[in-house]
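Here this note's numbering is used: position 60 in the sequence shown is 221, and no number is missing along the way.
In this text, a Cβ means the ideal position worked out from N, Cα and C, and glycines have one as well.
Nothing here was measured: the structure is a model prediction, and the numbers come from that model.
Encoded as structure tokens, the structure appears first; notes follow it.
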Amino acid sequence: MTSVPVRIVLFLAAAAAAVALTAATPSWDPRLTVGMLAAAAAASLAVTLIAWARYRESRDPQALLMAVGFGALTVQLGFALRWALGTERALLVAPEPGLGGLDPMGESFRAAPFFALQTGWAVVAACCILAVPWWERRGRPPLRWTVVSGGAALVVVVVDWLAAIGAQESGLPPEGTDLGALAVVATAVAVALLAVAAWQHLATPRRSPVYRWNAVALLLAVPWAVAASAHPGIGLGWLQPADGLLIAVPLVALGGLLATQRTEASHMRRATDRAEEVLGGRAEIASTIAHDVRGPVASVASLATTLRTSYERLSDEQRLEFVGMIGSEATRLLRLVDQVALALKVDARTLEYAPSPQRVALIVRRAVEDADTGDHPVVVDADDAVIASVDGRWVAAAIGQGVDNAARFSPDTSPIHVSLRADDGQAIVEIVDEGPGVPLERREEVFGRFARWRPQGYEDRSGSGLGLFLCRAIVREHGGEASLDAAPNGSTILRVRLPAKENEG
């Protein structure tokens with residue numbers, strides 16, 4: 162959310178620009194006036210069409226209101242352009258300002274362009290003010306474009322009709338002219354609505370870049386509205402520096418629409434890539450399940466069949482052995498299913514974390530107790546003073562995956578050493594086995610999903626290849642890192658680093 166001081170600076174800049182532009186002296190240039198109004202109308206029409214296309218595609222009420230507002234401004238710019246073209250044609254009769262015949266539509270119409278454009282700004286601002294709350298229209302009837310555009314059209318038609326038949330003579334040249342209290346009221350209303358809309362857009366959460374761009378466009382309109390009130394010569398052949406803002410405002414709004422579309426396209430591409438990645442990962446996981454589950458299921462089925470058909474011929478000791486093997490295979494299968502289920506959540510980034518300050522030593526001991534270490538003795542050396550803000554459940558799961566991996570790829574009955582220490586603001590957990598180690602060029606590969614590389618002598622060891630993938634993914638979600646290093650004896654060190662919260666003595 163934009164800070165209040167930044168908003169105040171922007172508003173002060175708009176006010177300073179209004180004062181400076183009001184002091185500027187208009188110049189007589191009907192042809193340039195025609196070109197400037199035509200360019201402004203074209204830019205405003207471009208905003209209208211793009212916003213309308215955006216609404217048709219997404220049904221975004223903000224786009225609808227923006228299309229209606231700038232559509233009304235386009236009509237009003239066209240209204241002023243009609244006067245400018247009349248002035249341009251009048252040059253054939255009277256090439257100098259102030260001579261008879263300058264205004265072929267009658268002097269009583271000279272204030273009409275001023276009131277038309279002030280109304281245009283008011284409609285744009287009103288639509289922008291309405292646009293912000295529509296984010297919270299959940300559960301309410303949808304905004305109907307016929308109602309919004311019909312209301313804006315009614316306002317424009319009524320104001321233009323009144324301006325065409327009732328505007329008072331302003332006199333030429335515009336210096337020193339006074340359009341009366343009605344002009345002051347029209348300017349005050351337009352400026353107030355523009356200021357409120359700009360403030361509201363700057364305060365809107367950053368859901369879309371269009372709000373920041375629109376806020377700048379609305380603030381740029383304020384100096385023009387004030388300067389035009391001091392020198393109401395627009396459309397009558399008189400041009401002042403502030404009139405350039407008539408082109409700048411729709412161009413900035415157009416830039417906001419294009420920036421928003423580019424941002425949304427980028428988000429969509431990222432979402433599509435992520436969806437493809439997740440779907441691809443799930444397909445890979447499904448393939449792994451089919452491959453890895455087949456082994457233990459086939460073993461359980463074979464053992465159960467053998468036990469059933471040979472039950473009478475088997476001794477009690479043999480029966481217990483068969484039951485034990487079935488239980489062992491079932492446990493292995495259950496661990497695989499749990500591992501795959503966790504991998505699916507990690508891969509889709511749907512795993513929920515609830516970090517809180519915890520003693521990491523307790524987490525390490527819980528991980529060792531839950532790990533499948535077989536006949537490997539595990540030696541734990543943990544500093545009880547190390548505290549980190551983590552989700553203990555998932556960090557224990559990550560460390561447990563590392564311990565499982567160490568047990569799987571090291572000699573039977575060889576010890577596994579697990580240590581915890583604090584170092585330079587980090588909680589460091591090291592899992593050291595006595596296996597053959599991982600070559601340097603393979604150390605990143607084994608952290609990949611479904612890593613299939615096995616050290617020499619362990620090619621037949623079962624495993625899904627998800628253990629180190631899960632370990633690193635969970636640790637990284639906690640702002641840490643998991644890596645492999647070589648131990649002095651050539652075996653493997655799995656090092657897990659987590660940000661430590663504090664170190665108590």
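Beta-bridge partners of Trp360 (DSSP): none assigned.
Beyond the five residues adjoining it in sequence on each side, Lys662 comes within less than 8 Å, by CB distance, of Pro518, Ile548, Ala549 and Ser550 in the same chain, given in chain order. The shortest CA-to-CA distance from Met486 to any of Ala502, Val507 and Ala459 is the one to Ala459. Contact between the stretch 173 to 186 and the stretch 398 to 407 is present: 3 or more CB-CB pairs across the two stretches fall below 8 Å.
If you ignore the 5 residues before and after Thr424, its C-beta comes within less than 7 Å of the C-beta of Pro370, all in its own chain and listed in chain order. Annotation for Leu645: the continuous beta strand (DSSP E) segment containing it runs Glu642 to Ala647. Assigned with DSSP and collapsed to three states, Pro518 falls in strand. Within the stretch 466 to 536, the complete beta strand (DSSP E) runs of at least 3 residues fall at 517 to 520.
If you look at Ile395, you'll find it isn't in any beta strand (DSSP E); DSSP assigns it neither H nor E. Excluding residues up to 5 positions away in sequence, Pro370 lie with their Cβ nearer than 6 Å to the Cβ of Ala420 in the same chain. Between the stretch 560 to 567 and the stretch 522 to 535, the count of Cβ pairs shorter than 8 Å is three or higher; the stretches touch. The DSSP-derived three-state label of Leu627 is coil.
Between Val410 and Leu381, the gap from beta carbon to beta carbon is short of 7 Å. Of all C-beta pairs linking the stretch 477 to 491 to the stretch 589 to 605, fewer than three are shorter than 8 Å, placing the two stretches out of contact. Around the beta carbon of Asp594, 16 or more other beta carbons sit within 10 angstroms, so the residue counts as buried.
Counting only residues of its own chain and dropping the five nearest sequence neighbours on each side, Pro274 has a CB closer than 6 Å to the CB of Ala241, Trp244, Ile395 and Gly396. Contact between Asn375 and Gly416 is ruled out by a C-beta separation of about 10 Å, above the 8 Å threshold. Our two residues, Leu198 and Arg305, have alpha carbons roughly 31 Å apart in a direct line. By alpha-carbon distance to Ala543, the top candidate from Arg569, Asp552, Ala583 and Pro516 is Ala583.
A direct Cα-Cα distance of roughly 47 Å separates His639 from Thr209. Following the DSSP letters along the chain, one finds Ala212 inside the alpha helix (DSSP H) bounded by residues Pro191 to Ser219. A straight-line Cα-Cα distance of about 24 Å links Ala557 and Arg613.
A distance of 7 Å or more separates the beta carbons of Glu591 and Ile524. Here the alpha carbons of Ala224 and Val352 stand approximately 22 Å from one another. Leu379 and His362 have their C-alpha atoms spaced approximately 9 Å apart. In this structure, DSSP gives Val170 a helical state, which the three-state scheme calls helix. Thr653 is bridged by DSSP to Ala647. Residue pairing by DSSP places Leu400 opposite Ser188 in a beta bridge. Counting only the Cα atoms, Arg469 lies some 11 Å from Val484. Setting aside the 5 residues that flank it on each side, Glu490 is surrounded in the same chain by Pro457, Ser460 and Val461, each with a C-beta closer than 6 Å to its C-beta; the list follows chain order.
Comparing alpha-carbon positions, the option among Arg569, Phe630 and Pro393 lying closest to Arg610 turns out to be Phe630.
Under the DSSP assignment, Ala543 falls in the beta strand (DSSP E) whose first and last residues are Val539 to Ala543.
Taking a C-beta distance under 7 Å as the contact criterion, Gly398 and Trp213 do not qualify as a contact pair. Remark: C-beta atoms of Val636 and Val607 do not approach each other more closely than 7 Å. For a cut-off of 8 Å, the C-beta gap from Leu234 to Val284 is around 7 Å, short enough to register as a contact. Each residue's CA atom was taken as its position, placing Ile589 and Arg526 some 14 Å apart.
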